[in-house]
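> Submitted below is the structure of interest, expressed as structure tokens.
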Amino acid sequence: QVQLVESGGGSVQPGGSLRLSCAVSDRLISRYCMAWYRQAPGKERERVTTINKYGATTYADSVKGRFTISLDNARNSAYLQMNSLKPEDSAIYYCAAGSVCGVATYWGQGTQVTVSS
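Heads up, the sequence shown is in this note's numbering, so the first residue is -1 and it goes up one at a time.
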């Protein structure tokens, strides 16, 4: 069983930045497609971004140019750098891993991100 633990959430003003981290218990993080999802109250869960073992990334249109996903294989971690945050980015953010991008098998517990003035 692979465990994922997110950290780095919090409250920030519009236009601010946050960096989320996801620690993965499997040392061979490169075997997975890593992803970040988010879910706001009353809304469906949304896939925000993915990165595969080759480093290829995808982003939701709503975050393109503002968010960046990255991996640190030596630290068994994935990251989500979020810049120019907007109130509509407020949600619980989940880290996920799967053998295929778009199919998440393992999930973290989530971390809250609140963007408000």
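For glycine and all other residues, C-beta sits at the position ideal for the given N, C-alpha and C.
According to DSSP, simplified to helix, strand and coil, what is A72?
helix
> Just to confirm my understanding: we take P85, look at its own chain, exclude 5 residues before and 5 after, and list those with CB closer than 7 Å. What are they?
P12, V113, S114
> In angstroms, rounded to a whole number, what distance separates the CA positions of Q107 and D87?
18 Å
> Exposed or buried, R36, counting other C-beta atoms within 10 Å across all chains shown (16 or more means buried)?
It counts as buried.
> Tell me where the beta strand (DSSP E) around T112 begins and ends.
109 to 113
> Candidates C99, V61, S28: which alpha carbon is nearest K51's?
S28
> Please state whether DSSP places E42 in a helix, a strand or coil.
If DSSP states are grouped into helix, strand and coil, E42 belongs with coil.
> If you drop the 5 nearest sequence neighbours on each side, which residues of the same chain put their C-beta closer than 6 Å to that of C140?
Nothing about residue 140 can be reported from this structure: the residues present for the chain run from -1 to 115 only.
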